[in-house]
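Residue numbers (this note's numbering), protein chains in the order written: chain B, 1 to 443; chain P, 1 to 251; chain Y, 1 to 491. By construction, the Cβ of each residue, glycine as well, lies at the ideal position given by its N, Cα and C atoms.
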Amino acid sequence: MDGTLPGTDGTRRDMTVQMLTTKAEQAILKTFEDNAARLPGGKSVAELRRAAIGAFASRGLPSRRVEEFKYTDLKANLREAFPLVTGGAADADTTHGALGSHFGPEFAANAVSVVDGRGTSSGGHTFLADSKAVSMDWVQAALADESLAASADLLLNTALFTDGAVIDVPAGADVADPVVIVASARDNGLAVLRHIIRVGKGAKVTLVEVERAPIAAGLRQSSAVTQISIADGAEVVHIKVVEAHKGSTHLGHWQVRLGANVSYKPFQLTLGEGLVRNGLNVDFTGQHSTLDFGGASVVHGSGHADSTLVVDHKVPHCTSRELYKTVLDGQARAVFQGKVIVQPGAQKTDGKQMAQALMLSPDAEFDSKPELEIYADDVICGHGSTAAEIDPDLVFYCTSRGIPTAIARGMLIESFIAEAIEKVEHDGLRDALIGIARDSLAA
Amino acid sequence: MLEIKNLHVKLEDEDKAILKGLTLTVPKGEVHAIMGPNGSGKSTLAYVLAGREGYEITDGDILWNGESIIEMEPDERAAKGVFLAFQYPMEIPGVAGLTFLRTAANAVRKRRDMAELSTPEFLKVVKEKAAKLNIDFEMLKRPVNVGFSGGEKKRSEILQMAMLEPSLCVLDETDSGLDIDALKVVSDGVNALRSPDRAMLVITHYQRLLNHIVPDKVHVLAHGRIQRTGGKELALELETSGYADYTGKAA
Amino acid sequence: MPAVQETVEQVKKIDVDQYKYGFETDIEMVKAPKGLNEDIVRFISEKKGEPAWMLDWRLDAYRRWRAMTEPTWAKVSYPKIDFEDLYYYAAPKSTEGPKSLDEVDPELLRMYERLGVPLQEQEILAGVKSDKPRVAVDAVLDSVSVVTTFKEELAKAGVIFCSISEALREHPELVKKYLGSVVPQSDNYYAALNSAVFSDGSFVYVPEGVRCPMELSTYFRINERETGQFERTLIIADKGAYVSYLEGCTAPMRDENQLHAAVVELVALDDAEIKYSTVQNWYPGDKNGKGGIYNFVTKRGDCRGRNSKISWTQVETGSAITWKYPSCILRGDNSRGEFYSIAVSNGYQQVDSGTKMIHLGKNTSSRIISKGIAAGFSQNTYRGLVSAHRKATGARNFTACDSLLIGDKCGAHTVPYIEAKNSSAHFEHEATTSKISDDMLFYCQQRGLSEEEAVALVVNGFVRDVLQQLPMEFLAETQKLIGISLEGSVG
């Protein structure tokens, strides 16, 4: 039995026999053929799409034999692919609904809203489907980024994206209010978005991506890839909230490039009972930059939340911090894969990572793979990972002070997850995130 | 009045008995000290009084004000006035001290049919009591006991005790890890809570704490039973003679 | 600080090439023809006079191996091995007769003497060297066991310690019952290859309630050219038994790469304990990365009984490439697995090693302490799995993996897989990677140590937790070995 376990099983991963194309894969290939002519972008983008779908066709959806998807087998879990949504019949005023009640009206006011796979024209924002936007040099360069050909979920996005936000923060700008991108779509549809963001030298901005389906919503599938390039000296806070209900799937990925002296603070909150994959690749390309990642998930029922990070220290003198916390209930499963690479010559790298799971139900599962790949000697790197139930000694301590058990447990669970959310410095955002997490914990 | 009658306790997963017929009475208004060598069962007694899981009472009973408490959950006991100051207070990451104090105080008040404290009332009381214990109010905004020094933790325990207004205080090795100044502050805090309505059980290995918290009676616990009972002078006697007389074969 | 001093002395004595076991011995050998096919498998089985079931077992393994491909997931790279260009059987001619110490070819005895392996049963028995601890040794040269010491004395205690070939003849029922029960024939590519062609190795059976009266040890030596070594070790500790076992390995310095693909199976029944220590010092190749052993090994222990315990300790300093993951299957309730490892890599060595702790029974616990030291141009990877299955309630694991880098041309990597499949599992994992701090070196130097001495001191401190797990007899030797392996890594 042990021969089938990962890592030291010498045979399984080498079986290159391609499995038969699944129903979902067939549907995705057909979706491309049906929609290719209508998808936005000029000739060069069309070529990219064609190449991507070709690569996707030969690889198929990643199964557990693909190391990066070892614990999130999309081939097995994605039974079908819904038809691509390309705008049209959206519900009115979905923006505020999709944000939910915890985000105050100030967040909705100037939101960049993408409904049913198309940007909405109100608000004067720029979208990728505009022929002028997509033909800009920096946007073209981003789209041609070869690192997005690395895995099949990203190829799918390249082949099929219908739209997305294009945000260009000029050098020196200090954007006071958070820029909120809200995506919503109809039930039984596949929404595929690509957001392209550029932050100029010394600029300051807070970006928020929200994708939450109302409780009553039906099944949804979505893929959202955000590419963000941050120039020297800029400070960026980047937040994502994903809530997916049972049977729904969200495949998210952030591809981030940091210049020198950058401060980048991403935070991702994942909730619900659906299948969510959040990928994050951060490349350090300039010295003295800092990455400070926070991640939290509250997963119920048969939910599956995957956070997969690759932090690549290509240059010296950079710092990376990651803190991931998950609370698991029912048969929920959370996956944390965090790889920190220190390239040759990237001396004085300081990289630390912690992943912690609180398991509330006997059937919950936490799979963790914190990884270090280090080719420079003058570094301080480390990671930790823990999985456990609520500490009975802490519960006893609280109850001995007169706090009833249920309240004590609730308090301990909330404080566990809040430790990650506390990383968000913006008061309004932090309160909103804690509120959302609290609702989910109470569910 | 606390009455411990012929108490026999063992660990749930082991067959070794720890308390073997311990009998003890502490009337209201009195402070009793329990002294004993390491491994005599002192901490077990403290935990069993507070209702910690993992122990099995195989015989005997514990009565508080005439009512058996051994079937009660820890929070029910707390509502009945039982307070244990831990030897090693727990650190609770992420839960602010003030939140914890307020949740506990109001949970207990509610069960005692007392009105919950409003935020201003609560803050006023905490500020006052914290000041008496030399606790910096800012410290209470930090997570409970996280990163506190030994002395800070013990003072924080006494503050919790003061806030919950218990009628039975059990202090488990409260002097451990304290320097002389901290010991004085903690003892003053405890002495301030001495009252005709309150019983106190002070568990300690060393006599020095009893110079500050002067007991009405001293009991020597060894081999799971009270071996000897005397006045405060018994503690001094133990200080010079040690526990050698009690660590030999079971009496 | 004597150990450190000794390390430094030792290092100074050695010139360019620090490998002191690199000599060749000229011994007349019997070999099977080059290449691998069913006839070779039959040849090996026949040479050993094996029963028919054993031949069938080998052939089955061979056919499975043919259908498999080499694993590629480890962080190691090497040119493709031509499995048809190897000898799969090589034995000293003199060993074809009976084996007792006084019948062994004196040339062989001289070789073991040079290697520092104690094959002096008589002297010890006669009490001449009574101050030395007694260690029973099974000496395996290329494909066969040449001698096993202290057999009679062990037999008095009921302990069976012999070569696996002899066990197949003398105790076929025990071998049949346990062989392949921990590492099945088709477990992985190299285990399948080993199952088909293994030629010798050690066999240990400690009966119920017996505490093995002395340390058992096997010394593996590759001597022939173009020869693969495929040994198979099987250790069974019956109910309540205890045994401590140590293996050592060396090989001559050669330009060619030689393949070593061993399988070790341990079985611990109720309340039994097996302590397995390895000091692996196969030839690592020269300073340009030429030559050295490919050490592709499958080691696994099965804590089959309640309250059983298996502890692996390894000190890996040799081999051009190391691919091994000594593991524990914690099947019995309350069973415990331990893995203590020091992996030192220098030159162009590549190490991909770690462990698997598979928690299946209730209230099982495991502990992993891994210390990797990378120097020169080497790559040093810890790869490990800790897994608690659904029904393995109360599983506990603590893992600490620390890596130390010496120089900026090497790599140290950590790839842990942690799978908690029930809520009562309590897993803690921590890993750190750093270099020897300049402050620490300065402090030592300010107190009068040379830079080399300071490094040796710090490294010895770094690996201390693991060294303490080794049997006392081997501690000093191992400490020296680590120092030697790092020779030339500073400055």
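{"Check": "Within its chain, find whatever has a CB closer than 6 Å to the CB of B/L372; leave out the 5 residues flanking it on each side and keep chain order.", "Outcome": "V340 and C381"}
{"Check": "Which bits of chain Y does B/Y375 rub up against, with CB to CB less than 7 Å?", "Outcome": "G411"}
{"Check": "Within a Cβ cutoff of 6 Å, which residues of the same chain sit near B/S263, ignoring the five residues on either side of it in sequence?", "Outcome": "E235 and T290"}
{"Check": "Ignore the nearest five residues each way along the sequence and tell me which others in P/Y47's own chain have a CB closer than 7 Å to its CB.", "Outcome": "Y55"}
{"Check": "Skipping 5 residues on each side, what residues in its chain have a beta carbon closer than 8 Å to that of B/G233?", "Outcome": "K201, G202, G259, A260, N261 and V262"}
{"Check": "Assuming B/Q356 contacts B/K325 under a Cβ cut-off of 8 Å, what Cβ separation, rounded to an integer in Å, is found between them?", "Outcome": "5 Å"}
{"Check": "Which of the three DSSP states is assigned to Y/E477 in this structure?", "Outcome": "helix"}
{"Check": "Grab the span of the beta strand (DSSP E) containing P/I213 for me, first residue to last.", "Outcome": "It is not in any beta strand (DSSP E) - P/I213 carries neither H nor E in the DSSP assignment."}
{"Check": "If you count every other CB in all the chains shown that lies within 10 Å of the CB of Y/Q379, and 16 or more means buried, which is it?", "Outcome": "buried"}
{"Check": "Strictly below 8 Å CB to CB, what residues from chain B border P/V31?", "Outcome": "The premise fails here: P/V31 is roughly 20 Å from chain B at the closest Cβ pair, so nothing lies under 8 Å."}
{"Check": "Taking C-beta to C-beta, are B/A305 and B/L155 nearer than 9 Å?", "Outcome": "no"}
{"Check": "Does the structure place the segment 399-411 of chain B close enough to the segment 448-463 of chain Y that three or more beta carbon pairs sit under 8 Å?", "Outcome": "no"}
{"Check": "Which chain B residues are close to Y/T414, counting only those with a beta carbon under 7 Å from its beta carbon?", "Outcome": "E371 and L372"}
{"Check": "How should Y/S202 be labelled, buried or exposed, when 16 other C-beta atoms within 10 angstroms of its C-beta is the threshold for buried?", "Outcome": "buried"}
{"Check": "Using only CA atoms, which one of B/C318, B/S361 and B/F336 lies nearest to B/G330?", "Outcome": "B/S361"}
{"Check": "Consult DSSP for Y/I178 and reduce its assignment to one of helix, strand or coil.", "Outcome": "The amino acid at residue 178 of chain Y is misidentified as Ile; the sequence shows Tyr. Y/Y178 falls in the helix class under three-state DSSP."}
{"Check": "If you count every other CB in all the chains shown that lies within 10 Å of the CB of P/S195, and 16 or more means buried, which is it?", "Outcome": "exposed"}
{"Check": "Locate the alpha helix (DSSP H) running through B/S415, then write down its first and last residues.", "Outcome": "T405 to I421"}
{"Check": "Using a Cβ cut-off of 9 Å (strictly closer), state whether Y/L154 contacts chain B.", "Outcome": "no"}
{"Check": "Kindly indicate the opening and closing residues of the alpha helix (DSSP H) around B/K23.", "Outcome": "K23 to N35"}
{"Check": "Is the shortest distance between the beta-carbon of P/G51 and the beta-carbons of chain B less than 9 Å?", "Outcome": "yes"}
{"Check": "Return the chain-ordered list of same chain residues with a C-beta closer than 7 Å to the C-beta of B/K314, the five sequence neighbours on each side being excluded.", "Outcome": "D283, F284, T285, Q343 and A346"}
{"Check": "Could you say which of B/A437, B/S248 and B/R38 lies nearest to B/D130 if we only look at CA atoms?", "Outcome": "B/R38"}
{"Check": "Using 8 Å as the threshold, is the segment 6-24 of chain P in touch with the segment 432-441 of chain B, meaning 3 or more CB pairs across them?", "Outcome": "no"}
{"Check": "Where does B/L171 fall in DSSP's three states?", "Outcome": "Note that residue 171 of chain B corresponds to Ala in the displayed sequence, not to Leu. Coil, per DSSP."}
{"Check": "Return the residue from the list Y/T432, Y/S450 and Y/M111 that minimises the CA-CA distance to Y/M440.", "Outcome": "Y/S450"}
{"Check": "Who are the neighbours of P/G94 on chain B, taking C-beta pairs under 7 Å?", "Outcome": "S415, F416, A418 and E419"}
{"Check": "What residue range is occupied by the uninterrupted alpha helix (DSSP H) comprising P/N106?", "Outcome": "G97 to R111"}
{"Check": "How big is the Cα-Cα spacing for Y/E9 and Y/L193?", "Outcome": "With a pLDDT of only 48 at Y/E9, under the threshold of 50, the placement of this residue in the model should not be trusted, and no figure is reported."}
{"Check": "Of all Cβ atoms in chain P, is any one closer than 9 Å to the Cβ of B/F396?", "Outcome": "yes"}
{"Check": "Let me confirm a value: Y/E28 is counted as buried when at least 16 other C-beta atoms fall within 10 Å, else exposed. Which label applies?", "Outcome": "exposed"}
{"Check": "Taking the straight line between their C-alpha atoms, what separation do you get for B/R59 and P/N145?", "Outcome": "53 Å"}
{"Check": "So, are the CB atoms of B/Q268 and B/A224 less than 9 Å apart?", "Outcome": "no"}
{"Check": "Hey, P/S40 and P/A222 are a contact pair by Cβ (cut 8 Å); roughly how many whole angstroms apart?", "Outcome": "5 Å"}
{"Check": "By the three-class DSSP mapping on this structure, what secondary structure does B/M136 have?", "Outcome": "coil"}
{"Check": "Once the 5 residues before and after P/Y243 are set aside, which same chain residues still bring their CB inside 6 Å of it?", "Outcome": "P37"}
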